[in-house]
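A short write-up of the structure that comes next.
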Amino acid sequence: MILSLPAELHVQIAAFLLPDARAINSLSLTCSVLHANTDWLLYEACRVDKSWRQHAIAVALSRSNETLLDRLAAAKVPLNEPMHELSSARPLHRAAYSGQLGHVRRLLEIYGEDAASEAYAGLETMSPLHAAAMQQHWDVVLLLARLAIDGSTSQDIDNRKEYLADGLCCAAGDGNLDIMRIFLEEFGADVNYSKPLVLHHRCKTTALFAAVASEHIPAIELLLEAGADPNAFSTPDNIPLHQAFLRRNYEIVGMLLDAGADGSLQDGSGRTALHRLIPPGSGHTLNLPLIRRLLESGTDVGALDGANQTVLHYACLGSPGVPRPVVELLIEYGADVDVRCQHGRTPVDRAMEAGRTSLVKEVLFPCIEDPAHRMRVRQWIAKQERATKK
133 MILSLPAELH
143 VQIAAFLLPD
153 ARAINSLSLT
163 CSVLHANTDW
173 LLYEACRVDK
183 SWRQHAIAVA
193 LSRSNETLLD
203 RLAAAKVPLN
213 EPMHELSSAR
223 PLHRAAYSGQ
233 LGHVRRLLEI
243 YGEDAASEAY
253 AGLETMSPLH
263 AAAMQQHWDV
273 VLLLARLAID
283 GSTSQDIDNR
293 KEYLADGLCC
303 AAGDGNLDIM
313 RIFLEEFGAD
323 VNYSKPLVLH
333 HRCKTTALFA
343 AVASEHIPAI
353 ELLLEAGADP
363 NAFSTPDNIP
373 LHQAFLRRNY
383 EIVGMLLDAG
393 ADGSLQDGSG
403 RTALHRLIPP
413 GSGHTLNLPL
423 IRRLLESGTD
433 VGALDGANQT
443 VLHYACLGSP
453 GVPRPVVELL
463 IEYGADVDVR
473 CQHGRTPVDR
483 AMEAGRTSLV
493 KEVLFPCIED
503 PAHRMRVRQW
513 IAKQERATKK
C-alpha cells in the first residue's frame with residue numbers, strides 16, 4: 133500500500149518521524165523504493181542536527197572504507213567540528229588517533245585548501261599529528277607532518293615548530309630512530325623546542341627529556357649529536373639530568389654530564405642534581421664517584437630547596453642515613469654545617485636527631501663556626517658520651 137504512494141508522501145512520512153533518526157533509517161531500509169525516496173533525508177538531518185551529525189561521523193570513521201565519509205561530505209555535512217561536547221577533538225583527530233590512514237587521507241582531500249588548518253587544529257592541547265604519534269601510527273604521522281601552514285608570521289613559524297616538535301618528541305619517547313631522523317633531517321624539526329605551561333596550553337617537553345624519561349639511550353645519542361641542549365627545559369620539573377637521576381640511570385647521567393649538563397639547575401622544589409642524587413635519609417648505596425663528578429663540575433653544594441635545605445641537610449637526615457664518606461665529600465667542597473632550614477634546623481641538628489653521634493663528633497662539629505651553635509652541639513656530644521658510659 134505504502135509503495136503506491138507518491139515519492140513526496142514518502143518524504144512527508146519520513147519527515148513526520150523526525151527527530152527519530154533511527155525510525156527514519158528503519159523506514160528507508162524497508163525496501164529499495166523507500167530507500168531511494170527517503171535516504172537523503174537522513175543526510176539532511178545530519179547536516180542540520182549536531183548530535184545526529186556527531187553520531188554519523190563516528191559511524192563513518194568506524195568503517196573500513198571511506199564511502200560514508202564521501203556521502204556525508206556530498207551532503208555538505210560539516211566534518212570539521214568537535215566530535216563531543218567535552219572535547220576539542222575533531223574527525224581528523226579521531227581518524228589519526230585510530231591510525232586510519234585511508235580516512236585521514238580522505239578527510240584531507242575533503243578539506244581541500246583548509247587541510248593544513250585542520251591538521252593544526254588543537255595544537256595547544258593535541259593536534260591530529262600528536263594524537264597519531266602517541267599511538268605510534270607513523271604512516272599517519274608522516275602524512276600529516278608534510279602539511280605546512282601557508283603563512284610567514286612569527287606565530288605561523290612557531291606553530292610549525294611546535295607541530296613538528298610534537299612528532300619528534302613522541303618518536304624520541306618511543307625510541308624510533310628512523311622517524312626521528314626524518315623529522316630532524318627532512319622536516320627540520322627544532323631539536324630543542326619546548327613550551328612552558330600557560331593558560332589553555334599544555335606543557336611540552338624537549339625531545340631529549342622524552343628520550344631520557346623512556347631511557348632510550350640510542351635516541352639520546354642521536355639527539356645530542358643533532359645539537360640537543362641538555363640544559364633546555366619547558367618547566368623546572370622537566371630537566372633531563374634530574375629525570376635521569378630520578379630513574380637512577382647513571383649511564384644516562386654520564387652522557388648528559390659529558391654533553392655539558394648543569395648540575396646546579398633547580399627543579400620546581402629548588403632541588404639540584406645533588407638533591408636528586410642524595411635523597412633525604414637515604415639508606416641507598418650511593419655513587420660516590422658520580423657525586424664527586426658533580427661537585428667537580430661546579431654544582432652548587434649550598435643550593436637551597438623549597439624548604440631552605442641544602443644537600444648536606446639531606447645527607448645528615450635519618451638513620452642509617454647517607455654513608456659518612458658522602459658527608460665528608462660535601463664538606464670538602466664547601467658545604468655549610470651552620471645553615472638553617474625553614475624550621476631552624478642545621479645539618480648538624482638533623483644528624484643529632486638521627487642519633488649519628490660519631491658523625492656529629494668527628495666530622496660535623498669541627499666545621500661549626502657559629503659560637504652558639506658550637507656550644508649547643510658540644511653539650512649534646514657530652515650528654516651522649518655520659519649516656520654511653522652508664
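Position one of the sequence shown corresponds to residue 133 (this note's numbering), numbered consecutively onward. Just so you know, even glycine gets a beta-carbon here, dropped at the ideal spot from N, CA and C.
Cross-strand partners of residue i (DSSP beta bridge)
i, result
"residue 327", "336"
"residue 401", "The partner list for residue 401 (beta bridge, DSSP) is empty, contrary to what the question assumes."
"residue 219", "216"
Buried versus exposed call for residue i [16 or more other C-beta atoms within 10 Å across all chains shown]
i, result
"residue 410", "buried"
"residue 312", "buried"
"residue 321", "buried"
"residue 517", "exposed"
"residue 283", "exposed"
"residue 258", "buried"
"residue 390", "exposed"
"residue 306", "buried"
"residue 432", "buried"
"residue 464", "exposed"
"residue 507", "exposed"
"residue 344", "buried"
"residue 238", "buried"
"residue 287", "exposed"
"residue 298", "buried"
"residue 199", "exposed"
"residue 161", "Reliability of the predicted coordinates at residue 161 is poor, the pLDDT of 48 falling under 50, and no value is obtained from them."
"residue 244", "exposed"
"residue 453", "buried"
"residue 195", "exposed"
Same chain only: Cβ atoms within 6 Å of residue i, ignoring 5 sequence neighbours per side
i, result
"residue 440", "473 and 474"
"residue 444", "462, 467 and 479"
"residue 319", "277 and 296"
"residue 502", "470"
"residue 397", "371"
"residue 147", "Residue placement at residue 147 is poorly supported in this model, since its pLDDT is 47, which falls under 50; the coordinates still yield a value, given next. So the list is empty, once near-sequence residues are dropped."
"residue 430", "none"
"residue 263", "225, 228 and 229"
"residue 293", "322 and 325"
"residue 175", "207"
Neighbourhood of residue i by C-beta, 8 Å cutoff - its chain only, sequence neighbours within 5 removed
i, result
"residue 513", "489, 492, 493 and 497"
"residue 511", "none"
"residue 458", "410, 418, 420, 423 and 447"
"residue 484", "492, 509 and 512"
"residue 197", "234"
"residue 179", "185, 207, 208, 209 and 210"
"residue 291", "252, 255 and 281"
"residue 248", "279, 280, 281 and 282"
Close beta carbons around residue i, own chain, < 7 Å, minus the five adjacent residues each side
i, result
"residue 382", "419 and 422"
"residue 362", "340, 372, 373, 388, 391, 392 and 393"
"residue 347", "379, 381 and 384"
"residue 337", "301, 326, 366 and 370"
"residue 355", "304, 323, 339, 340 and 343"
"residue 267", "229 and 231"
"residue 214", "220, 221 and 222"
"residue 309", "350, 351 and 354"
"residue 477", "none"
"residue 412", "446, 449 and 450"
"residue 399", "368, 369, 371 and 374"
Residue span of the alpha helix (DSSP H) that contains residue i, given as start and end
i, result
"residue 499", "Looking at the DSSP string, residue 499 is not in any alpha helix (DSSP H), and its letter there is neither H nor E."
"residue 291", "286-306"
"residue 182", "182-194"
"residue 236", "233-243"
"residue 249", "247-251"
"residue 205", "199-206"
"residue 480", "479-485"
"residue 310", "309-313"
"residue 267", "From DSSP, residue 267 is part of no alpha helix (DSSP H); its letter is neither H nor E."
"residue 372", "372-378"
"residue 349", "349-357"
"residue 278", "No alpha helix (DSSP H) holds residue 278; DSSP gives it neither H nor E."
"residue 386", "382-390"
"residue 460", "456-464"
"residue 472", "Segment: none, residue 472 is in no alpha helix (DSSP H) and carries neither H nor E."
"residue 447", "443-448"
"residue 425", "420-428"
Taking contact to mean at least 3 C-beta pairs separated by less than 8 Å, is the region 265-283 in contact with the region 225-233? yes
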